[in-house]
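Here the sequence shown is numbered in the numbering used here, starting from 395 and rising by one per residue.
Every residue gets a Cβ at the ideal spot worked out from N, C-alpha and C, and that includes glycine.
Nothing here was measured: the structure is a model prediction, and the numbers come from that model.
Working notes for the structure below.
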Amino acid sequence: MATTTHTHHKIFRGDSLRTLLSEADLRGGVRQLADEIRDHYGEQPITIIAVLTGAVVLLADLIRLLDMPLRIGFVRASSYRGQSTSSGHLVVDVKMLPDIRNKEVLLLDDIFDTGRTLLNLLHEMDHLNPATIRSAALLRKQGQQQVAIEPDHVAFEIPNEFVVGYGLDYNDLYRNLPYLAALDPADLTLHSTQEHSA
Ligand code: IMP
Ligand code: MG
């Protein structure tokens, strides 16, 4: 059986990463999300809309644990982040959305941080008249929320650290790391008014 440890070294680029959630932890969390979703919707057909790009790994694993008829689609949200907050305006791109009118929609994101991304997306998609719209996130950062909503499903609460892997990026890298790791703040040079792609 092949070991993959050595290949991960190439992903690191010399940055210091500390594992927060192992591959086994993540599998358990995704299984929990799938069970909750199945319990809620039963055999009803659903449409899962994943937020690009971070939620693609989660989407791929999650849908293979669900057995109801389901469709998938994508939406993109990008924000211009300031030095200390992510209050910069959020640009929502719904061009890739399938028809969600009268559909049972589940919006899926990798992480619920300030909550602005999910709040804005739920608001935009509501205009398209889905039958119902709910939300799920793999991760929720503790103490960071700036909105009055919470995702309907969350697998893990994590401390307020910048995390990468399992779809989450730093400057578009690390999405292919199979586990979740915290990036040492000393290695973070993202800031200023650089575009942050969700
Ligand atoms: P929010 O709008 O502040 O809730 O941010 C949600 C988006 O910010 C997520 O979809 C992620 O793309 C991104 N994000 C927030 N925290 C992190 C992190 O620690 N690592 C990588 N991306 C993050
Ligand atoms: Mg994202």
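Item checked: DSSP-derived helix/strand/coil call for Asp487 -> Your numbering for residue 487 matches position 93 in the sequence shown. Asp487 falls in the strand class under three-state DSSP.
Check: To the nearest whole angstrom, what separates the beta carbons of Leu452 and Val424, a pair I think is in contact under 8 angstroms?
Finding: Position 58 of the sequence shown, counted from the first residue, corresponds to residue 452. Position 30 of the sequence shown, counted from the first residue, corresponds to residue 424. Between Leu452 and Val424 a beta carbon distance of about 7 angstroms is seen, short of the 8 angstroms cut, so the two are scored as contacting.
Notebook entry, point to check: Can you give, in chain order, each stretch of the beta strand (DSSP E) that sits fully within the region 433-460 and has at least 3 residues?
Noted result: Scanning the region 433-460 for uninterrupted beta strand (DSSP E) segments of 3 residues or longer gives 440-446, listed from N- to C-terminal end.
Note to self: Short of 6 angstroms in beta carbon distance, which residues of its chain neighbour Glu544, apart from the five on each side in sequence? Order them along the chain.
What the structure shows: By one-based count along the sequence shown, residue 544 stands at place 150. When the five nearest sequence neighbours on each side are left out, no beta carbon in the same chain lies closer than 6 angstroms to the beta carbon of Glu544.
Note to self: Quick check on the DSSP output: the beta strand (DSSP E) that includes Thr583 runs from which residue to which?
What the structure shows: Position 189 of the sequence shown, counting from 1, holds the residue named residue 583. First-last for Thr583: undefined, no H or E at that position.
Notebook entry, point to check: What residue from Asp504, Leu582, Ser529 has the CA that sits closest to Leu574's CA?
Noted result: If you number the sequence shown from 1, residue 574 lands on position 180. Looking at the Cα atoms, Asp504 is the closest of the given residues.
Checklist line | Proximity to Glu555 [Cα-Cα], best of Val548, Thr508, Gln438, Arg465 | finding: As a first step, residue 555 must be located in the sequence shown, where it is residue number 161. Cα-wise, what sits closest to Glu555 is Thr508.
Next item on the list: Under 8 angstroms Cβ to Cβ from Leu582, same chain only, skipping five residues before and after it: list those, please.
Entry: By 1-based counting over the sequence shown, the position of residue 582 is 188. Counting only Cβ-Cβ distances below 8 angstroms, and skipping sequence neighbours, we find Phe556, Tyr564.
Next item on the list: Return the first residue and the last residue of the beta strand (DSSP E) that Arg534 is part of.
Entry: Your numbering for residue 534 matches position 140 in the sequence shown. Run containing Arg534: 526-535, per the beta strand (DSSP E) assignment.
Notebook entry, point to check: Got a sec, what are the start and stop residues for the beta strand (DSSP E) Arg412 sits in?
Noted result: Residue numbering aside, residue 412 sits at position 18 when the sequence shown is read from its first letter. From DSSP, the beta strand (DSSP E) with Arg412 extends over 411-415.
Notebook entry, point to check: Would the region 546-553 and the region 525-537 be scored as touching if the rule is three or more Cβ pairs under 8 angstroms?
Noted result: Flag = yes, the region 546-553 and the region 525-537 touch.
Item checked: Contact set for Gly448: own chain, Cβ-Cβ below 8 angstroms, skip 5 residues either direction -> Residue mapping note: residue 448 aligns to position 54 of the sequence shown, counting from 1. Hits under 8 angstroms: Asp503, Asp504, Ile505, Gly561, Leu562, Asp563, Arg569, Ala592.
Next item on the list: Look up Ile543 in the DSSP assignment and say whether it is helix, strand or coil.
Entry: Here residue 543 corresponds to residue number 149 of the sequence shown, with the count starting at 1. Here Ile543 sits in coil by DSSP.
Margin query: Cutting at 8 angstroms between CB atoms, please list the residues of its own chain near Phe406, excluding the five before and the five after it.
Written below: For the purposes of this step, residue 406 is identified with residue 12 of the sequence shown, where counting begins at 1. The beta carbon of Phe406 sits closer than 8 angstroms to no other beta carbon from its chain once the five residues preceding and following it are set aside.
Next item on the list: Just grab the DSSP bridge partners of Ile494 for me.
Entry: As a first step, residue 494 is located in the sequence shown; it is residue number 100 there, counting from the start. Bridge partners of Ile494: none, in fact.
Note to self: Could you check if Phe556 belongs to the surroundings of the ligand IMP, using beta carbon to heavy atom distance under 7 angstroms?
What the structure shows: Numbered from 1 along the sequence shown, position 162 holds the residue referred to as residue 556. Correct: Phe556 has its Cβ closer than 7 angstroms to the ligand IMP.
Check: Would the C-beta of Thr508 count as close to the ligand IMP, meaning under 7 angstroms from any of its heavy atoms?
Finding: Taking the sequence shown and counting its residues from 1, the one referred to as residue 508 is at position 114. In this structure, the ligand IMP has a non-hydrogen atom nearer than 7 angstroms to the beta-carbon of Thr508.
Notebook entry, point to check: For Gly559, does the three-state DSSP call read helix, strand or coil?
Noted result: Taking the first residue of the sequence shown as 1, we reach residue 559 at position 165. Of the three classes helix, strand and coil, the one that applies to Gly559 here is strand, per DSSP.
Margin query: For the ligand IMP, is there any heavy atom lying closer than 7 angstroms to the beta carbon of Asp504?
Written below: Translated into the one-based positions of the sequence shown, residue 504 becomes position 110. Closer than 7 angstroms to some heavy atom of the ligand IMP: that describes the Cβ of Asp504.
Note to self: For a test of the three-state rule: what should DSSP assign to Ile405, helix, strand or coil?
What the structure shows: Taking the sequence shown and counting its residues from 1, the one referred to as residue 405 is at position 11. Here Ile405 sits in helix by DSSP.
Next item on the list: Quick one: measure Cβ to Cβ for Leu491 and Ser473, integer angstroms, because I've assumed they're closer than 8 angstroms.
Entry: What you label residue 491 is simply residue 97 of the sequence shown in a count that begins at 1. What you label residue 473 is simply residue 79 of the sequence shown in a count that begins at 1. No, Leu491 and Ser473 are not in contact; Cβ-Cβ is about 19 angstroms, not under 8 angstroms.
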